[in-house]
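*Asks:* In this note's numbering, the protein residues as written are -15 to 124.
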């Protein structure tokens, strides 16, 4: 299993930060690997670029404003579990993004290679997340 966790301090209040992060359509604004997001009922289809382009359907498994959202996507090859938590920090908040990516079945033997690639992908997303949560882009 590949895992990437980042924490970002933001001047946004916990409800403001959660409103932004809980709307998965915003992921395209900060994660350069996400090219498009379409809401489909209680799920989201994310078109992601990682070696090739694929659509992953993320289902909302937990939605607990203003503290937590849990999303899970499964394809024939991968399972992705993304959790966003928001904690109060003074007049602002801290957003914790915890992503886990696992190859399914026998492909799990390739997880060490996945870990290396996932770190680079996560670092780029974390940079974008810090940018939007500075209060400039997320306020809109």
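Each residue gets a CB set at the ideal place from its N, CA and C atoms; glycine is no exception.
Computed from a predicted structure; not experimentally measured.
For residue 15, which of helix, strand or coil comes out of DSSP?
*Replies:* Start at 1 with the first residue of the chain shown, and residue 15 comes out as number 31. Three-state result, residue 15: coil.
*Asks:* Between residue 13 and residue 30, what straight-line distance do the alpha-carbon atoms span, to the nearest angstrom?
*Replies:* As a position in the chain shown, residue 13 is number 29, starting the count at 1. As a position in the chain shown, residue 30 is number 46, starting the count at 1. Cα to Cα, the separation comes out at about 12 Å.
*Asks:* Does the stretch -10 to -2 come close enough to the stretch 102 to 116 to have 3 or more Cβ pairs within less than 8 Å?
*Replies:* Yes, the stretch -10 to -2 is in contact with the stretch 102 to 116.
*Asks:* For a test of the three-state rule: what should DSSP assign to residue 59, helix, strand or coil?
*Replies:* Within the chain shown, numbered from 1, the residue matching residue 59 stands at position 75. Coil.
*Asks:* What residues in its chain sit with their C-beta under 6 Å from that of residue 45, if we drop five residues either side in the sequence?
*Replies:* For this step, residue 45 is matched to residue 61 along the chain shown. These residues qualify, in order along the chain: 54, 56.
*Asks:* Residue 125 lies in the beta strand (DSSP E); which residues open and close that run?
*Replies:* Residue 125 is absent from the structure shown; the chain starts at -15 and stops at 124.
*Asks:* Could you compute how far the alpha carbon of residue 37 sits from the alpha carbon of residue 2?
*Replies:* Counting from 1 along the chain shown, the entry for residue 37 is found at position 53. Counting from 1 along the chain shown, the entry for residue 2 is found at position 18. So the alpha carbons of these two residues sit roughly 28 Å apart.
*Asks:* Do you know offhand how far residue 82's Cα is from residue -15's?
*Replies:* Numbered from 1 along the chain shown, position 98 holds the residue referred to as residue 82. Numbered from 1 along the chain shown, position 1 holds the residue referred to as residue -15. Answer to the nearest angstrom: the Cα atoms are 13 Å apart.
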